[in-house]
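Asker: Shown below is the structure under consideration.
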Amino acid sequence: MADIPVMAIPTEVDEVTHAQTLARRYRCEFIDLKNFRIQHEVIRSVPVELMFRYNFVPLEQQEDRIVIAVSDPSRLMVLDEISSLLGQRVLTRVATLSQITDLLKKTEQSQRVLDEASEGLTFDVISSEDNPDENISIEKLTSEEDISPIIRLVDTTIFTALERRASDIHIETYDDSVVIKYRIDGVLQAAMAPIAREHHQTILSRIKVMSELDIAERRVPQDGRFRVRYKTRLIDFRVSIMPTVHGENAVLRVLDKESMSEKFRQLTLDVVGFHEDDLRRFRRYIREPYGMVLVTGPTGSGKTTTLYAALNEIKSDEDKIITIEDPVEYQIRGITQIPVNEKKGLTFARGLRSILRHDPDKILVGEIRDQETAQIAINSALTGHLVFTTVHANNVVDVLGRFLNMGVEAYNFVSALNCILAQRLVRTICDFCAHEVYYDDETLITGGLNPDEWRGFAFREGAGCIECGGTGYRGRTAIHELLDLTDPIREIILEKKPSSEVRRLAQQEGMQFLRESAIDRVRRGFTTLKEINKVTFIEAAR
């Protein structure tokens, strides 16, 4: 069957002009798919492989005929073939080829391929010779190859996760089904309808084969890795298998090192999301000759990204920068990075001791977990090194108690500290479907806002569209609170005053808390009130 040729169009403007010319020539209506409301039930009624084979998008159903968008209305034989295969008359609209291609990728393609891949699953023996370093593409997944349904399901799940910008794939087992979810912008979303429970072990076996894990072992946790090639990039997946009461669960962490390494070359603190005043102060502290810069927050709050951005700004050929991390997920050129390997005895503490013998100027310790690592890091900061590190705590004040509870001497700790930065991530509003909304007084009060101040304020929200997968959010930004270790703050800590007094004094000195930083993002139209209420305490509003 004839395929529609892909025409080389230099720019988006030229492509639109070209499509409009074709529409006029063949007396068809030109349609801009970016602003067109797609009818998902119509797309579901058309076989997915037909849409990809002929590069068309079904737009709407009109009694005995279907309206479709194509890029080249001159291919009458192709249109007749589509009409014959669909069994109904076709009404043609003209759109640009790139819009059609993007739409096919971003709307129902992923869902349809997943649904078809999960239909009629049978038990297949999966050969251990399967090559984990394989190409994943939509052409492969929708081809006519005789491929095992389980292999097709797992490969398609991975491909769709990459298309949707997922950071993790969760495979969860229940008593009657298997549920697959994606974590996108920090939030879990269902990838497809639940799969029958009897296919659970075959799916897990396929993942274990790809990760070179023991298929027979089902009672203890296992960790592995595999790699796929996607759009010319090599992407690593870190796999964790965990036994539960209903069987094994799996989490696949996406590690797009090539893409991230490229981004990290240009990564600076400007893109992390700092308030102007906090950014100015934080930049001052990361350029100090020695001391400790401490970043705190829960897992997945972007602490490592912030520290990488800081290192990227201050690195130079004159300084030696060494990091010890668990694991080294992204590599930065010009910095010596050491991975923790506890099985071989390379812990944070042992690695940090060795680093100090390598004459570093600046050190990054991935995480402080115990008293020994804390003590060495503090001593390093006191003896002329600039130390960047992270610790798990809820806010900047809790960090102080965390270190003191580890048995660290308060005087040394306070003397070493330059600043403490607490960080969280909030989802940003999708620019493609953003619109203004107004809240009533009750909603404002529930959200911790003063109605007198916020009444009549135009809040931004995302309605949900193709670009954001219907969530109304696309991407994330950080909110911060930065505690300067000024002399009055140091004194009050050494006097072991309650954390509430430390907080009060910090506020008097002009510190902006996480909640205030979050409200500032709402005021500037970056995120929504609902999102910041999920991430910060409403009671903390001032």
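With positions in the sequence shown counted from 1, the corresponding number in the numbering used here is that position plus 1.
We treat Cβ as the ideally placed atom computed from N, Cα and C, and that holds for glycine.
No experiment lies behind these values; they were computed from the predicted model shown.
Between the C-alpha atoms of R230 and E50, what's the straight-line distance to the nearest angstrom?
Answerer: One C-alpha to the other measures close to 22 Å.
Asker: What are the complete alpha helix (DSSP H) segments, minimum 4 residues, inside the stretch 434-517?
Answerer: The stretch 434-517 contains these whole alpha helix (DSSP H) runs: 442-447, 452-455, 488-495 and 500-509.
Asker: Need the endpoints of the beta strand (DSSP E) that H59 sits in, please.
Answerer: It should be noted that the sequence gives Pro, not His, for residue 59. Unbroken beta strand (DSSP E) run through P59: V58 to Q63.
Asker: Mark Y439 as exposed unless 16 or more other C-beta atoms lie within 10 angstroms of its C-beta, in which case mark it buried.
Answerer: Classification for Y439: exposed.
Asker: Considering only residues of the stretch 381-418, which uninterrupted alpha helix (DSSP H) runs meet the minimum length of 4 residues and lie entirely inside it, listed in chain order?
Answerer: For the stretch 381-418, whole alpha helix (DSSP H) runs of length 4 or above, ordered along the chain, are 397-406 and 411-417.
Asker: Among residues of its own chain, excluding the 5 on either side of Q376, which ones have a beta-carbon nearer than 6 Å to its beta-carbon?
Answerer: Counting only Cβ-Cβ distances below 6 Å, and skipping sequence neighbours, we find nothing.
Asker: Can you give me the C-alpha to C-alpha distance between T158 and K209, rounded to a whole angstrom?
Answerer: Approximately 15 Å, taken between the alpha carbons.
Asker: On the CB-based measure, 16 or more other CB atoms within 10 Å of its CB, does T528 come out buried or exposed?
Answerer: Looking at its Cβ environment, which holds 16 or more other Cβ atoms inside 10 Å, T528 is buried.
Asker: Looking only at its own chain, which residues have a Cβ that is under 7 Å from the Cβ of Y175, when we skip the five neighbours before and after it?
Answerer: The residues are H247.
Asker: Across which residues does DSSP place E249 in a beta bridge pair?
Answerer: In DSSP, E249 forms a bridge with P244.
Asker: Can you check the stretch 302-344 for any alpha helix (DSSP H) of at least 4 residues that lies completely inside it and give the ranges in chain order?
Answerer: Fully enclosed alpha helix (DSSP H) runs of 4 or longer: 304-315.
Asker: Cβ of E314 within 9 Å of Cβ of L365?
Answerer: Result no, Cβ atoms of E314 and L365 do not sit closer than 9 Å.
Asker: Whether or not the stretch 448-460 and the stretch 477-488 are in contact is what I'm after, with contact meaning three or more pairs of Cβ atoms, one per stretch, closer than 8 Å; do they touch?
Answerer: Segments in contact, no.
Asker: How big is the Cα-Cα spacing for E532 and I520?
Answerer: Cα to Cα, the separation comes out at about 10 Å.
Asker: For the stretch 316-335 against the stretch 426-435, do three or more pairs of beta-carbon atoms, one drawn from each stretch, fall closer than 8 Å, so that the two count as touching?
Answerer: No: fewer than three Cβ pairs fall under 8 Å.
Asker: Going by DSSP, name the residue or residues bridged to A197.
Answerer: DSSP, once it has assigned bridges, lists S178 as partnering A197.
Asker: Tell me the residue span of the beta strand (DSSP E) that contains L189.
Answerer: Segment V188 to A191, the beta strand (DSSP E) holding L189.
Asker: As an exercise, report each continuous beta strand (DSSP E) stretch of at least 3 residues that is fully enclosed by the stretch 18-74, in chain order.
Answerer: Listed in chain order, they are 58-63 and 66-71.
Asker: Between E82, R45, R90 and S75, which lies nearest to I67 when the distance is taken from Cα to Cα?
Answerer: Cα-wise, what sits closest to I67 is R90.
Asker: What did DSSP end up calling F238 once you bin it into helix, strand or coil?
Answerer: Strand.
Asker: Exposed or buried, what is G301 when buried is set at 16 or more other beta-carbons lying within 10 Å of its beta-carbon?
Answerer: With fewer than 16 other Cβ atoms within 10 Å, it is exposed.
Asker: If the criterion is Cβ atoms closer than 9 Å, does the pair T478 and G274 meet it?
Answerer: Their beta carbons are under 9 Å apart, which means T478 touches G274 by this criterion.
Asker: My assumption, with CB atoms under 8 Å, is that M193 sits in contact with I181. Please give the rounded CB distance.
Answerer: Yes, they are in contact, since the Cβ atoms of M193 and I181 sit about 6 Å apart, within 8 Å.
Asker: Does DSSP put F275 in a helix, in a strand, or in coil?
Answerer: Correct three-state label for F275: coil.
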